Amino acid sequence: MKTIKYIFLISLVVMFTQCSPDNEGEFGDTVNRSEQIMGTWVIESASQIDLDAEKKSFPDFATKINITNAIAGMPFSDFTLQIENGTLTTSIGNSPMRYVISEGSGSWSWITSEAINLVNTELGINASSGIETQINGDNVIFYIRTFSGISGDAPKLSLNYERFDSDNNPVTRYEYILAKQ
Numbered sequence: 001m002k003t004i005k006y007i008f009l010i011s012l013v014v015m016f017t018q019c020s021p022d023n024e025g026e027f028g029d030t031v032n033r034s035e036q037i038m039g040t041w042v043i044e045s046a047s048q049i050d051l052d053a054e055k056k057s058f059p060d061f062a063t064k065i066n067i068t069n070a071i072a073g074m075p076f077s078d079f080t081l082q083i084e085n086g087t088l089t090t091s092i093g094n095s096p097m098r099y100v101i102s103e104g105s106g107s108w109s110w111i112t113s114e115a116i117n118l119v120n121t122e123l124g125i126n127a128s129s130g131i132e133t134q135i136n137g138d139n140v141i142f143y144i145r146t147f148s149g150i151s152g153d154a155p156k157l158s159l160n161y162e163r164f165d166s167d168n169n170p171v172t173r174y175e176y177i178l179a180k181q
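Sequence positions in the sequence shown follow UniProt numbering and run 1 to 181.
As structure tokens, then:
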């Protein structure tokens, strides 16, 4: 029995010393997020989130509602967002987006990481980044909730917009899922 234990232990030692390190391969180049978001985007779906209900941990059915086709004759899909190198252009059409953003164009830039950290901790949005622009004199910030769907055959972009009450407290968040054309 003692011999079997020693043979087993020696076998384990030999087995582990003969293993070579795993070759994980090489990491690819750094992803250029600016290149990924450039193009023409159309709203595929729109949701309205009650921030007070979300803060109180209400279930999804009491917190989030799909408003994509809520208004007859005003499809969200009429809205087009064109992002080019330094320029952002919006086309509203019959979309209800006219209540969110003006039609026009302006320059855009990435929001600084300090602003994103503020969004994560104080506003409770799980944003990974965002872009800010000024269109027709109005400052507009779109928070990018995730980049997980931005690559592949059918790229998607999740943008968030918030409405504030008269005391400048966020009350409603709108989440727009845009598909790249």
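All C-beta atoms in this analysis are idealised placements derived from N, C-alpha and C, irrespective of residue type, glycine included.
The structure displayed is predicted, hence computed values, not measured ones.
Rounded C-alpha distance that separates residue i from residue j
i: R98; j: A72; result: 15 Å
i: N120; j: S102; result: For N120, the pLDDT reaches just 49, beneath the cut-off of 50, and the residue's location in the model is therefore unreliable, although a value from the coordinates is still provided. Cα-Cα distance, rounded: 26 Å.
i: G104; j: Q82; result: 10 Å
i: T40; j: K180; result: 6 Å
Where residue i sits in the DSSP three-state scheme
i: I37; result: helix
i: F142; result: strand
i: D167; result: coil
i: S77; result: helix
i: L46; result: The sequence given here has Ala at residue 46, not Leu. Residue state, collapsed to three classes: strand.
i: K55; result: helix
i: A70; result: coil
i: A154; result: coil
Exposure label - residue i; buried when at least 16 CB within 10 Å
i: F79; result: buried
i: A70; result: exposed
i: R163; result: exposed
i: S148; result: exposed
i: I125; result: Note on I125: pLDDT 49, under 50, position unreliable in the model; no value is reported.
i: A46; result: buried
The region 47–62 / the region 150–157 touching (three or more Cβ pairs under 8 Å): no
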